[in-house]
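Protein chains: 2
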Amino acid sequence: MSNQPITDRNGMTEEQFLEAYDTNMYEHPSVTVDMLIFTVMDREQGNYRKLPEKSLQLLLIKRGEHPYLGQWALPGGFVSVDESIEDAARRELFSETNIANIYMEQLYTWGDLGRDPRTRVISCSYMALVDRTHLHVQAGEDADDAAWFELTYEVLEENREERAQGCEASRLISIILHNEIKNETLSGIVRIVETVQGHVRKLTREILQSSGIAFDHVTMVQYAIERLRNKVEYTDIIINLMPETFTLSELQRVYEIILGKDLLAAAFRRKIADAVTETDEYTKDAGHRPSKLYRYNMNRNSI
Amino acid sequence: MSNQPITDRNGMTEEQFLEAYDTNMYEHPSVTVDMLIFTVMDREQGNYRKLPEKSLQLLLIKRGEHPYLGQWALPGGFVSVDESIEDAARRELFSETNIANIYMEQLYTWGDLGRDPRTRVISCSYMALVDRTHLHVQAGEDADDAAWFELTYEVLEENREERAQGCEASRLISIILHNEIKNETLSGIVRIVETVQGHVRKLTREILQSSGIAFDHVTMVQYAIERLRNKVEYTDIIINLMPETFTLSELQRVYEIILGKDLLAAAFRRKIADAVTETDEYTKDAGHRPSKLYRYNMNRNSI
DNA sequence: TCAATAGTGTCTGTCAGACACTATCGA
DNA sequence: TCGATAGTGTCTGACAGACACTATTGA
Chain F
394 MSNQPITDRN
404 GMTEEQFLEA
414 YDTNMYEHPS
424 VTVDMLIFTV
434 MDREQGNYRK
444 LPEKSLQLLL
454 IKRGEHPYLG
464 QWALPGGFVS
474 VDESIEDAAR
484 RELFSETNIA
494 NIYMEQLYTW
504 GDLGRDPRTR
514 VISCSYMALV
524 DRTHLHVQAG
534 EDADDAAWFE
544 LTYEVLEENR
554 EERAQGCEAS
564 RLISIILHNE
574 IKNETLSGIV
584 RIVETVQGHV
594 RKLTREILQS
604 SGIAFDHVTM
614 VQYAIERLRN
624 KVEYTDIIIN
634 LMPETFTLSE
644 LQRVYEIILG
654 KDLLAAAFRR
664 KIADAVTETD
674 EYTKDAGHRP
684 SKLYRYNMNR
694 NSI
Chain S
394 MSNQPITDRN
404 GMTEEQFLEA
414 YDTNMYEHPS
424 VTVDMLIFTV
434 MDREQGNYRK
444 LPEKSLQLLL
454 IKRGEHPYLG
464 QWALPGGFVS
474 VDESIEDAAR
484 RELFSETNIA
494 NIYMEQLYTW
504 GDLGRDPRTR
514 VISCSYMALV
524 DRTHLHVQAG
534 EDADDAAWFE
544 LTYEVLEENR
554 EERAQGCEAS
564 RLISIILHNE
574 IKNETLSGIV
584 RIVETVQGHV
594 RKLTREILQS
604 SGIAFDHVTM
614 VQYAIERLRN
624 KVEYTDIIIN
634 LMPETFTLSE
644 LQRVYEIILG
654 KDLLAAAFRR
664 KIADAVTETD
674 EYTKDAGHRP
684 SKLYRYNMNR
694 NSI
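Line by line, the protein sequences give chains F and S. Position one of the first sequence corresponds to residue 394 (this note's numbering), numbered consecutively onward. Position one of the second sequence corresponds to residue 394 (this note's numbering), numbered consecutively onward.
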């Protein structure tokens, strides 16, 4: 900034200081990225008339090494000193899905002690949304044994208790991950407790049960779903899960799967009207009235 | 999980593996926390009738060491291997404000290369909200030379451009930090660019100018304000900035300072009606009609 | 014909923006 | 009295929930 070299209390210039700086004065934690890669798939439907049901899928990797050997974990890996966290996330994402250009968003950084039995690990979680028609890699093709798991998210219990200086509310959330082909079902229960003590509001997450899911990854899944549900309500994030063209019913079903509740068609169409543009195309051979195909209206920004 | 010891491809049990695990196989980045500590203060008012204006204040620390010697930075420090990130944040917070029990929230983790000239540093930013009446430490009392700076946030320019496969929108945001006593004014301009390319939406932040503010801390400030503005609209987060009792006009002014726009009193009162409870107290000697004091209604939860 | 989905019209209640209005204090 | 803030009443328009209704297809 200044032309005069500024010196510190030891009389060192910035240049001298940086040269003498020793990054290994004390032990550093390891930093990893963990990817929550979501997609939406169709479920097979017996009745020729009925539309296929949608399901939310999460990509998991079977661990071939200790710890949690044989369990399923989120794809991820260590962040090296010469790449940004986001680069590390993109690298992980690409190595799992072969897609380079994709929606990705940082979620939360998990830094409790004892998260990883190997050593002190801080994990930065990212969420990515993939349209299944863009997916080149199918489940199981990867050397690591990667697979898509259908995700079910359910609130088991809600609780509220009045306290002296406020109150405490808690929720039990069940996460079930299922892969039909491999006949694997993983599950976990996360408890979220929110305490209000006078002015101070605190939120804690705790794993009550985790079966088949490595590390504290259930918590990350729960957090991601919460974020996804929120964002879906006030952004166009959902289009990252849709193919190039889609019907409004399809889009509505994706909303419903994510939000975990049914929507009314009339209100839904009104709401998303100016986020999409109609095309001249229609669905065919559906066993019922054909439906117009829409395209995402790209000329929108959220900022 | 199982009673049989599971062995990996090298025939090692988990116990053996963990014993042999070397955390120093490669170089790790350093991890720090950076605290964005906000409070709201009254500005002196000449006219005896007029209410004091509110201002949003941010706590900064004058750097006594290289790099950025003499500039102002967010309070923060390295996360040690035997404390959680949140503990490190609380430790930092306590050492700056002397308050242990306070609202705190993780914001974002900044991990680009070259953020810190010393070495590779990953910084996890936290936001804390303090009610000024709870503050025991006044500006400048701290050995580090800490001071509150009045924050002004302004959108300088908004831009939208149509592109082949989508569009690009950008915003220039000016951050001004001012401390009257020290007669210091720091400033910075952050550019936020959002590109929509087909399905893919990307957001980048870039520092166009930064004067007197160390590292990439302007970006963190901009991000925090954005988050604060959002959260204020859909949570009760704002009460963390309020004293035990307050008038609705005061509360409204705090909302206005954060949102950067005026609100209509009637609509405002309707909106926050069930977040507060009235007391029997009134303001006195105000030069105008006394106003009822309210208290935050603690028996509410957001989850 | 009928089961299923596609798509529209409209009533209703809620709520925010707007603004006029009344109330109360102290110099 | 008047300048300032405190606080209320009510009109209006936007919009979401609810639901009835019409349209279209293929076996």
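Backbone N, C-alpha and C fix where the C-beta goes; we use that ideal spot for every residue, glycine too.
Beta-carbon proximity list for residue i, same chain, < 6 Å, skipping 5 on both sides
i	result
Thr578 of chain F	His571
Ile574 of chain S	none
Ser567 of chain F	Glu547, Leu549, Ile582
Thr502 of chain F	Cys517
Thr526 of chain S	Pro636
Glu420 of chain S	none
Any C-beta of chain F under 8 Å from that of residue i
i	result
Tyr648 of chain S	no
Pro398 of chain S	no
Leu411 of chain S	yes
Asn552 of chain S	no
Asn494 of chain S	yes
Gln645 of chain S	no
Asp524 of chain S	yes
Met405 of chain S	yes
Thr638 of chain S	no
Ala532 of chain S	With a pLDDT of 45 at Ala532 of chain S, under the threshold of 50, the modelled position of that residue is not reliable, and the figure given next carries that caveat. Not closer than 8 Å to any Cβ of chain F, the Cβ of Ala532 of chain S fails to qualify, so no.
Met434 of chain S	no
Thr502 of chain S	yes
Val472 of chain S	yes
Gln499 of chain S	yes
Ser423 of chain S	yes
According to DSSP, residues forming a beta bridge with residue i
i	result
Val523 of chain F	F:Thr432
Phe661 of chain F	Answer is none; Phe661 of chain F lacks a bridge partner.
Asp427 of chain S	S:Gly469, S:Ser518
Asn572 of chain F	F:Glu577
Ser684 of chain F	Paired residues: none, contrary to the question.
Arg508 of chain S	Its beta-bridge partners do not exist; DSSP assigns none.
Arg564 of chain S	S:Glu551, S:Ile585
Lys595 of chain F	F:Thr588
Gln464 of chain F	Paired residues: none, contrary to the question.
Gln602 of chain F	F:Ile582
Tyr689 of chain S	S:Val669
Thr416 of chain S	Paired residues: none, contrary to the question.
Contacting residues, own chain, Cβ-Cβ under 7 Å from residue i (five flanking each side not counted)
i	result
Arg662 of chain S	Leu641
Ile618 of chain F	Tyr546
Arg436 of chain S	Pro445, Glu446, Ser448
Gly591 of chain S	Gln558, Gly559
Run of the alpha helix (DSSP H) containing residue i, from where it starts to where it stops
i	result
Ala481 of chain S	478-490
Val614 of chain F	610-627
Gln450 of chain S	Per DSSP, Gln450 of chain S belongs to no alpha helix (DSSP H); it is in the beta strand (DSSP E), 447-455.
Opening and closing residue of the beta strand (DSSP E) in which residue i lies
i	result
Ala540 of chain F	539-556
Phe639 of chain F	638-640
Leu411 of chain F	Leu411 of chain F -> not in any beta strand (DSSP E); alpha helix (DSSP H) instead, spanning 407-413.
Tyr496 of chain F	496-503
Asp673 of chain S	669-675
Residue i at chain S interface by Cβ criterion, 8 Å
i	result
Asp609 of chain F	no
Thr416 of chain F	yes
Asn690 of chain F	no
Asp535 of chain F	With a pLDDT of 49 at Asp535 of chain F, under the threshold of 50, the modelled position of this residue cannot be trusted; read the value that follows with caution. Asp535 of chain F does not count as touching chain S.
Val614 of chain F	no
Arg511 of chain F	yes
Asp475 of chain F	yes
Thr578 of chain F	no
Arg603 of chain F	Correcting the residue type first, residue 603 of chain F is Ser in the shown sequence and not Arg. It does not: the Cβ of Ser603 of chain F has no partner Cβ on chain S nearer than 8 Å.
8 Å CB neighbourhood of residue i in its chain, flanking five on each side removed
i	result
Thr638 of chain F	Thr672, Glu674, Leu686, Tyr687, Arg688
Asn375 of chain S	Any property of residue 375 of chain S remains undetermined from this structure, which presents chain S solely from 394 to 696.
Val424 of chain F	Phe471, Val472, Ile478, Val514, Ile515, Ser516, Cys517
Gly404 of chain F	none
Arg594 of chain F	Glu587, Thr588
Closer than 7 Å: residue i CB and nearest the ligand MN heavy atom
i	result
Ile665 of chain F	Annotation note on the ligand MN: not contained in the displayed structure, which lists no ligands.
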